[in-house]
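Per this note's numbering, the sequence shown starts with residue 379, numbered consecutively.
Taking it in order: structure first as structure tokens, then the write-up.
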Amino acid sequence: MSENTTGEPGFVIVTGMSGAGRSTAAKALEDLGWFVIDNLPPGLLFSLAEEAGRVKLAADHVAAVVDVRSLAFTTDLNAAIEELDGRGVEVRVVFLEASDDELVRRFENVRRPHPLQAENRLVDGIDRERGILREVRANADLVIDTSKLNVHELRKKIVSFFGGEDRPGLKVNVVSFGYKYGLPVDADLVVDCRFLPNPHWVPELRPMNGLDVPVREYVLSQPGAKEFLDGYEEVFGVVAAGYTREGKGYATLAVGCTGGKHRSVAMAEQLGARLRERGMDVQVSHRDVGRE
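Following this line, the structure appears as structure tokens:
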């Protein structure tokens with residue numbers, strides 16, 4: 379996204395899969411004091427930016443929720459973003475994602491049809507929406523997978539990303555995960571810790587996780603652990619600088635091991651601490667701890 383060069387306030391577009399939590403994200407932004415408009419047609423985005431500038435709304439505190447019900451959604455939204463970029467308005471796109479199984483469960487719980495379902499099955503509507511939104515998702519600044527988040531956890535994520543907007547620099551989410559449960563769909567970068575010995579095979583460490591001191595000390599004492607942390611800290615520093623130059627405000631770094639319990643947790647905590655020491659705004663979470 380382009381830098382703001384005209385004095386127009388930048389703003390956030392919240393979009394994504396129906397049922398993935400757009401309304402919850404919008405309410406969380408409102409609670410943070412943002413000016414939020416829901417279900418705005420893409421063609422009106424620039425008008426919103428102009429009006430925000432006219433009434434002097436705070437820059438970076440204006441958001442629009444855009445959903446797939448616009449008939450030409452992808453073309454309209456991409457064209458609108460290009461227009462905003464061309465006129466010097468800084469735009470950040472937040473895309474809310476969830477697995478098909480979770481979306482089906484949510485729609486069945488509220489007993490409502492999918493907006494693109496028509497006379498077909500619920501899964502057909504979800505599949506059609508994924509196709510329409512594919513390019514939007516690919517170009518989003520921040521993708522949040524809400525499959526395993528309740529409304530309170532999603533609100534907490536939104537507050538974490540947008541509650542400290544006065545703090546400059548890249549916001550980084552470091553998340554540990556287990557390969558046997560699948561890759562995090564919102565990851566920008568993935569690193570693999572399975573080259574380290576697995577504490578699972580040490581009887582006294584097996585019941586613990588990477589947050590426990592004995593496991594952390596075991597993992598960090600292994601050959602290659604320090605070298606990996608030193609090397610990846612430097613690599614990510616280069617990547618982060620590039621992201622910042624390109625206007626990307628958020629990055630998710632996924633750290634994996636077999637089960638997401640020992641090695642990835644310990645290494646994610648260490649990477650998070652090192653990146654904070656470099657002045658980055660970092661949150662660390664552990665997707666699969668307690669899942670087994």
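Note that beta-carbon positions come from the ideal geometry of N, C-alpha and C, so glycine has one too.
On the criterion of 16 or more Cβ atoms from any shown chain inside 10 Å, does residue i qualify as buried, or is it exposed?
i    : result
A436 : Low confidence applies to A436: its pLDDT is 49, below 50, so where it sits in the model is not reliable enough to give any reading.
N517 : exposed
L561 : exposed
G627 : buried
V552 : buried
A509 : First, the amino acid is wrong: residue 509 is Gly here, not Ala. G509 is exposed by the Cβ-count criterion.
P491 : exposed
V591 : exposed
R483 : exposed
A476 : buried
R470 : buried
R652 : buried
E429 : exposed
A398 : buried
Beta-carbon within less than 6 Å of residue i's beta-carbon, same chain only, minus the 5 sequence neighbours each way: which residues are those?
i    : result
D666 : F555, G556, Y559 and G638
S642 : S554, C571, V633, G634 and C635
H664 : S554 and V643
E439 : Before going further, note that residue 439 is His rather than Glu in the sequence given. Once the five neighbours on either side are set aside, the close Cβ partners of H439 are W412.
P493 : S396 and R447
D566 : A629 and T630
T622 : L548
P577 : L583, V593, Y596 and H640
E480 : S525
V414 : A404, L407, E408 and A441
Excluding sequence positions up to five away, which residues of its chain have a Cβ less than 8 Å from the Cβ of residue i?
i    : result
E670 : G637 and K639
Y610 : V569 and L649
A603 : L574, V597 and M645
L418 : L426, A442, V443 and V444
M586 : P577, P592, V593 and H640
R545 : Low confidence applies here, because R545 scores a pLDDT of 48, under 50, leaving its location unreliable and the question unanswered by this model.
List the whole-angstrom C-beta distance separating residue i from residue j, where the pair is believed to meet the contact cut-off of C-beta under 8 Å.
i    : j    : result
V390 : V550 : Incorrect: roughly 18 Å between the Cβ atoms, too far for contact.
V446 : E486 : 19 Å between Cβ atoms; not a contact.
L407 : F540 : 6 Å
V443 : I522 : Going by Cβ atoms, the distance from V443 to I522 rounds to 14 Å, so no, they are not a contact pair.
L532 : T393 : In fact, because the Cβ distance is near 15 Å, the residues do not count as touching under 8 Å.
A458 : G503 : That pair is no contact at about 24 Å.
L423 : L462 : 6 Å
L474 : R400 : 6 Å
Quick one: what does DSSP say residue i is sitting in, helix, strand or coil?
i    : result
G634 : strand
A619 : helix
R654 : helix
R470 : strand
D409 : helix
T524 : coil
N551 : strand
V593 : helix
V662 : strand
A496 : coil
V514 : helix
G509 : helix
A442 : strand
V529 : helix
V414 : strand
G503 : helix
E605 : helix
Among residues of its own chain, excluding the 5 on either side of residue i, which ones have a beta-carbon nearer than 7 Å to its beta-carbon?
i    : result
M658 : G547, L548, V550 and A618
G668 : none
V537 : A406 and L410
V662 : V552, A646, E647 and G650
D416 : A404 and V443
Is there a C-beta anywhere in chain D that falls below 9 Å from the one on residue i?
i    : result
A458 : Given the protein chain composition of this structure (a single chain), no chain D is represented.
Quick one: which unbroken beta strand (DSSP E) runs of 3-plus residues sit fully inside the stretch 554-582? Chain order, please. Complete beta strand (DSSP E) runs here, min 3: 567-570.
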